[in-house]
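>
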Amino acid sequence: MENQELLKIALKTAELAQENILKYFQTDVGVEWKTDKTPVTIADKSSEEIARNFWAKETPGFGVIGEEFGIESPDAEYQWVIDPIDGTKSFVHGVPLFGTLIALYKRNIPVCSVIRIPAMNTAVWAVNGGGAFLDGHPTHCSKVDQMKDALVLSGTVNTMETAGYGDGFNRLRRSAKLYRGWGDCYGYYLIATGRAEVMLDPVVSLWDIAAYPLLMREAGGAFSTLDGKTELFGADGKPVAPIYEGFSSIATNGLLHDEAMSLLK
Numbered sequence: 002m003e004n005q006e007l008l009k010i011a012l013k014t015a016e017l018a019q020e021n022i023l024k025y026f027q028t029d030v031g032v033e034w035k036t037d038k039t040p041v042t043i044a045d046k047s048s049e050e051i052a053r054n055f056w057a058k059e060t061p062g063f064g065v066i067g068e069e070f071g072i073e074s075p076d077a078e079y080q081w082v083i084d085p086i087d088g089t090k091s092f093v094h095g096v097p098l099f100g101t102l103i104a105l106y107k108r109n110i111p112v113c114s115v116i117r118i119p120a121m122n123t124a125v126w127a128v129n130g131g132g133a134f135l136d137g138h139p140t141h142c143s144k145v146d147q148m149k150d151a152l153v154l155s156g157t158v159n160t161m162e163t164a165g166y167g168d169g170f171n172r173l174r175r176s177a178k179l180y181r182g183w184g185d186c187y188g189y190y191l192i193a194t195g196r197a198e199v200m201l202d203p204v205v206s207l208w209d210i211a212a213y214p215l216l217m218r219e220a221g222g223a224f225s226t227l228d229g230k231t232e233l234f235g236a237d238g239k240p241v242a243p244i245y246e247g248f249s250s251i252a253t254n255g256l257l258h259d260e261a262m263s264l265l266k
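Each residue of the sequence shown is one higher than the one before, starting from 2 at the first, in the working numbering.
(1) Going by DSSP, what residue range makes up the alpha helix (DSSP H) through W208?
(2) Would a C-beta distance cut-off of 8 Å place A220 and C113 closer than the cut-off?
(3) Looking at the structure shown, is S176 part of a helix, part of a strand, or coil, going by DSSP?
(4) Count the CB pairs spanning the stretch 203 to 218 and the stretch 69 to 84 that are closer than 8 Å, and state whether there are at least three.
(5) Quick one: grab the DSSP three-state call for P75.
(6) Find out if the Cβ-Cβ distance for the pair F234, N129 is shorter than 8 Å.
(7) Rounded to a whole number of angstroms, what is the C-alpha to C-alpha distance between Q27 and G169?
(8) What is the DSSP secondary structure of L216, reduced to helix, strand or coil?
(9) Helix, strand or coil for F224? Go by DSSP, reduced to three states.
(10) Give the secondary structure of P119 by DSSP, where H, G and I count as helix, E and B as strand, and everything else as coil.
(11) Which term fits S263, buried or exposed, when burial requires 16 or more other beta carbons within 10 angstroms of its beta carbon?
(12) Three Cβ pairs or more, each shorter than 8 Å: is that satisfied between the stretch 13 to 28 and the stretch 60 to 74?
(13) Only counting runs of 3 or more residues, tell me where the beta strand (DSSP E) segments fall wholly within the stretch 91 to 141, in order along the chain.
(14) Hey, S155 and G132: beta-carbon distance below 8 Å or not?
(15) Straight-line CA distance for Y166 to A242?
(16) Is L135 buried or exposed, if buried means 16 or more other CB atoms sit within 10 Å of its CB?
(17) Applying the 10 Å Cβ sphere with the 16-neighbour rule, what's the burial state of W208?
(18) Among the residues of its own chain, which have a CB less than 6 Å from the CB of G68, if the five just before and after it don't count?
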């Protein structure tokens with residue numbers, strides 16, 4: 002199957018997830034709390050089930066790594082990675098800045114990536130070698146080349162401090178023009194569409210970030226873990242770290258990546 006065909010499947014999956022998620026958004030949806038003190042809802046679980054069932058029909062034999070139902074066919078050459086609702090805390094509080102994250106890898110090569118923001122009916126996506134697109138139009142990271150002109154984003158500051166980045170993150174955000182906590186996938190959406198310059202997370206799972214290496218590259222930006230690694234999978238197609246909270250991430254417009262990393266240290 003060609004990469005463009007696989008991208009179409011990824012985009013359709015995200016649309017199916019959006020349709021399902023919006024049935025539950027800003028309703029009295031029940032919230033369960035996992036052992037790691039993060040919330041999960043029927044919207045998360047049912048959306049991942051919809052994706053897995055769709056992929057089983059459209060791409061039989063492909064593996065899946067998902068937040069809610071784990072790993073399926075880990076030795077398959079192609080691996081779908083999904084976070085059905087990235088930003089469940091936003092979702093359960095009625096905040097529209099959550100999204101569905103989908104990535105497809107062939108061994109360690111990213112094929113396509115999607116961030117879909119259901120409550121805003123918008124998506125940004127990329128295909129390997131084919132560029133990045135916002136709602137069907139080419140998109141590109143910003144050309145801001147000085148931190149004093151940059152918008153820096155993150156999730157909760159608490160996690161930055163707990164993970165040992167408190168001082169560095171304080172330096173980074175105070176050197177920027179503006180800092181906001183527009184975190185989760187929405188922060189990365191803003192980087193890929195040229196509306197912000199730096200977004201970082203000190204502790205993330207594979208499904209939280211699998212879409213970003215390709216998306217940032219195709220949009221002209223940069224992505225790495227906070228220790229400078231740029232690949233999430235090894236040549237054998239296996240994740241290079243534990244899939245649950247084994248990663249960190251920083252995405253930038255590319256021009257400010259080294260400076261942001263330096264300030265964090």
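The C-beta atom is built at its ideal place from N, Cα and C for all residues, glycine as well.
Note that the coordinates shown come from a computational prediction; the quantities given were computed from them, not determined experimentally.
On the basis of the supplied data:
(1) Where W208 is concerned, the enclosing alpha helix (DSSP H) stretches over 207 to 210.
(2) In this structure, C113 does not lie closer than 8 Å to A220 by Cβ.
(3) Reduced to three states, the DSSP call for S176 is helix.
(4) In short, these stretches touch, since the Cβ pair count reaches three.
(5) Coil at P75, not helix or strand.
(6) Cβ distance not < 8 Å, so F234 and N129 don't count as in contact.
(7) Q27 and G169 have their C-alpha atoms spaced approximately 36 Å apart.
(8) In the structure shown, the three-state DSSP call for L216 is helix.
(9) DSSP, read as helix, strand or coil, puts F224 in strand.
(10) In the structure shown, P119 sits in a helix (DSSP, three-state: H, G or I).
(11) So S263 ends up on the exposed side.
(12) In this structure the stretch 13 to 28 does not touch the stretch 60 to 74; the number of beta carbon pairs closer than 8 Å is below three.
(13) Within the stretch 91 to 141, the complete beta strand (DSSP E) runs of at least 3 residues are 100 to 107, 110 to 118, 123 to 128, 132 to 135.
(14) Cβ atoms of S155 and G132: not closer than 8 Å.
(15) Each residue's alpha carbon lies about 20 Å from the other.
(16) Classification for L135: buried.
(17) Around the CB of W208, 16 or more other CB atoms lie within 10 Å, so the residue is classed as buried.
(18) A small correction: the amino acid at residue 68 is Glu; Gly does not occupy that position in the sequence shown. Around E68, the same chain offers D84, W208 as residues with beta carbons nearer than 6 Å, after the five sequence neighbours per side are excluded.
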